[in-house]
Each structure stands twice: as C-alpha cells, then as structure tokens.
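Under this note's numbering, the letters of the sequence shown match residues 148 to 446, in that order.
For every residue, glycine included, the Cβ atom is placed at its ideal position computed from N, Cα and C.
No experiment lies behind these values; they were computed from the predicted model shown.
What follows is a single structure, written as structure tokens, with notes after it.
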Amino acid sequence: MGWTGPRLSRLRPGRALAHTPGACGSGSPHRSDGRPPQTPRGARCSGPGGRLGTTPPVPRRPTPCPGTGTLSARTPGNGRLSPMPRPPLLLGLPALCFVLITWQVVVGGPLARLDERLSGALVHPDRFSELLADLGSVQVAVPVLLLALVHVALRRRATGLDRWWLPSAAAAVLMALVPAVVVPLKELIARPGPPVMGPGTGFYPSGHTATAAVAYGAATLLVLPLLRTAGSRGALLCVCAALNACVAFGLVRRGYHWPLDVVASWCLCAVLLGCLWLFVSRSTSRRSARTPLLRTGPS
Numbered sequence: 148m149g150w151t152g153p154r155l156s157r158l159r160p161g162r163a164l165a166h167t168p169g170a171c172g173s174g175s176p177h178r179s180d181g182r183p184p185q186t187p188r189g190a191r192c193s194g195p196g197g198r199l200g201t202t203p204p205v206p207r208r209p210t211p212c213p214g215t216g217t218l219s220a221r222t223p224g225n226g227r228l229s230p231m232p233r234p235p236l237l238l239g240l241p242a243l244c245f246v247l248i249t250w251q252v253v254v255g256g257p258l259a260r261l262d263e264r265l266s267g268a269l270v271h272p273d274r275f276s277e278l279l280a281d282l283g284s285v286q287v288a289v290p291v292l293l294l295a296l297v298h299v300a301l302r303r304r305a306t307g308l309d310r311w312w313l314p315s316a317a318a319a320v321l322m323a324l325v326p327a328v329v330v331p332l333k334e335l336i337a338r339p340g341p342p343v344m345g346p347g348t349g350f351y352p353s354g355h356t357a358t359a360a361v362a363y364g365a366a367t368l369l370v371l372p373l374l375r376t377a378g379s380r381g382a383l384l385c386v387c388a389a390l391n392a393c394v395a396f397g398l399v400r401r402g403y404h405w406p407l408d409v410v411a412s413w414c415l416c417a418v419l420l421g422c423l424w425l426f427v428s429r430s431t432s433r434r435s436a437r438t439p440l441l442r443t444g445p446s
C-alpha cells in the first residue's frame, strides 16, 4: 500500500508569485510568467527609496522607476541653468590673445607690421563708414543698453524674482568701468594712429569698439534668457554680432583705428563680458538652489 499521508504542495507553472526579487520597489506584486500585471497598481513604482537607516520618504534625490522614463532630477527646463563653460576657458583664452597683441604692438613685432600693411589696404574714408563707426559712440550704444537694462529689471520684478535689480545693476557697473580700463591702457601704450588721423597717440585699444562690445553684449546677455524660442535667441545674437562687426568695419575703413586696435578691444571685452555672465549665472543659480522643488505626484 502506498503512502496516503499529506503531501507537500508544489508550485504549478504559470502561478503568480506574491513577491519577485528585483522588482521595481521592494515588495511590489509582479507576475512570474512575464505577463503584464492585471491591476494598474502593479505597474507603478512604490516610490523613491530612502537612505540607509531611515524610513522613506526622506529628503534625497529620487530614483526613477526603471522603464518609465520619468525624470527625477532637476534639468535645465525646470529652474536650473545649463552647465557653464569652465572659467579658465571662458576668460583665459581672450586674455592671452590680448596680452599677445599688446606685446606685439609695444615692441613693433611682425604682427604689428602686418597690421599696418593691412590697414593701408583697407582705409578708404567715406560718409558710410563714418556712420557705422558712430554706432560705437557713447551717444548711441549707452542708451540702447539703458533701455535693455530697464526692460530686464521690470520683467524680473514682474515675475517676482529675488534681487530682480542685480543683473541690470551689474551690467551698468561694467559699462561704467570701461573708460576706467581703456583710458589708462591708451595712455600707457601710446600707440600712434593711422596716417589719416595725423600726429597723436592713444589709439590702442579702441574705445569705440569697447563701448559697442560691452553695451550691445551686456544687453544681449541679459535679454537672452527672457526669450522663449530658439529662433528669437538666434536672431538677437545675430543682431549683436552684426552691430559689433559694423562698428569694427567703420572704424578701420574710416581710418580711425588700426585693425589690431579693434581686435584687442574685442579680446578685452570678452573677458569683461565673461565676468558679467559668470556673476549673473552664479547668483541666479544660488537663488534657484534655495527654491524648493514642487511635487508633481502623490507622496
């Protein structure tokens, strides 16, 4: 006679398991046969796990549920600025170029002699080039900057941002510093001007170029984050580049400055504008870091 006592139950193929190791969230029910769950709750992640020794939820960076494609960290679209270039690359390269050009101008090196030959081929004074050069004058460039600063300040104040006045104030201070930087360099280097300008010194670096670069560049840097579409941002950058190119062409064509005077001013202003951009970006990042994230789902 065979054994008639109770037998151990065996797992039958296709039977659902209560808990499957490795499932999304510890203890969530999943089917063992790979078929989709029959309830909506079975497809959801049980929530972010906490740190060791704590009971979730805890303040930490949430972990996304695998396969859902849900973003769990701050991205450039939800309050954080995009990664900034390294300051040595942003400021060091134009500063190095400015030092190199200045050295060549002071010692009368081959770059300075090439600059003089190039200027002789480009100079052709006319009324049109004089009008283009006037775009870099204080009377034209500074009012454009002031309008942009007022517009940016009012927009930031209307949106309720902290320290809404800070970017505009920083750009105004930078514009005021341009003469304090350029004029001593002119007196120290004392480079003569092109033959069209007659005797005299103090043409290096170009003051009109510096005024145009800082005024139009600072206005572009502050207005750019307020634009919503990539097309409008690209158009603003093109306008800024075109204005500075017109000023440079007018100065060289009219014979107001050597080409290296203009290029050196661009390098110098790239350093100044880089400092402004870094200052405004970091101050905005600190303000965003203090702003708590809004929850978009149930806790």
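Return the residue from the list the options that minimises the CA-CA distance to residue i.
i, options, result
"residue 354", "292, 403, 371, 299", "403"
"residue 370", "357, 386, 356", "386"
"residue 281", "242, 340, 273, 394", "394"
"residue 338", "429, 408, 266", "408"
"residue 399", "336, 276, 427, 294", "276"
"residue 298", "391, 322, 312, 377", "312"
"residue 428", "390, 418, 372", "372"
"residue 397", "241, 239, 270", "270"
"residue 341", "243, 316, 380, 401", "401"
Who are residue i's beta bridge partners in DSSP?
i, result
"residue 406", "In the DSSP output, where bridge partners are listed per residue, residue 406 has none listed."
"residue 339", "348"
I'd like the list of long-range same chain contacts for residue i, defined as Cβ closer than 8 Å, with 5 residues on each side in sequence excluded.
i, result
"residue 222", "Residue confidence is low: residue 222 scores 40 on pLDDT, short of 50, so the model does not pin down where it sits. No coordinate-derived value is stated."
"residue 443", "Residue placement at residue 443 is flagged as unreliable, the pLDDT there being 42, under the threshold of 50; the coordinate-derived value follows with that caveat. Cβ within range, chain order: n/a, list empty."
"residue 289", "322, 358, 362"
"residue 259", "251, 252, 407"
Tell me which residues share the same chain as residue i and place their Cβ nearer than 7 Å to its Cβ, disregarding the 5 neighbours each side in the sequence.
i, result
"residue 411", "245, 248, 249, 351, 352"
"residue 230", "Note that residue 230 has pLDDT 48, beneath the 50 cutoff, so the model's placement of it is unreliable and the number below is only indicative. Hits under 7 Å: none found."
"residue 169", "Residue placement at residue 169 cannot be trusted, given a pLDDT of 46 that sits under 50; the coordinates are not used to answer."
"residue 390", "282, 359, 363"
"residue 279", "393, 394, 396, 397"
"residue 287", "281"
Output needed for residue i: all residues of its chain with C-beta closer than 6 Å, excluding positions within five of it in sequence on either side, in chain order.
i, result
"residue 224", "Reliability fails at residue 224, whose pLDDT of 41 lies under 50, so the model's placement of it is uncertain and no value is given."
"residue 357", "325, 329, 412, 416"
"residue 440", "With a pLDDT of 40 at residue 440, under the threshold of 50, the predicted position of this residue should be treated as unreliable, though the coordinate-derived value follows. If we look at residue 440 and ignore the five residues flanking it on each side, it has no Cβ neighbours."
"residue 237", "421"
Whole-angstrom Cβ separation of residue i and residue j, contact assumed at under 8 Å?
i, j, result
"residue 347", "residue 334", "Not a contact, Cβ separation roughly 12 Å."
"residue 296", "residue 319", "6 Å"
"residue 292", "residue 322", "6 Å"
"residue 266", "residue 406", "6 Å"
"residue 252", "residue 336", "6 Å"
"residue 272", "residue 361", "Wrong, their Cβ atoms sit about 26 Å apart, outside the cutoff."
"residue 414", "residue 241", "4 Å"
- Message: Would you call the segment 359 to 366 in contact with the segment 420 to 427, where contact means no fewer than 3 C-beta pairs closer than 8 Å?
- Response: yes
- Message: Under 8 Å, with one C-beta from each stretch per pair, do the segment 374 to 393 and the segment 300 to 308 reach the 3-pair mark?
- Response: no
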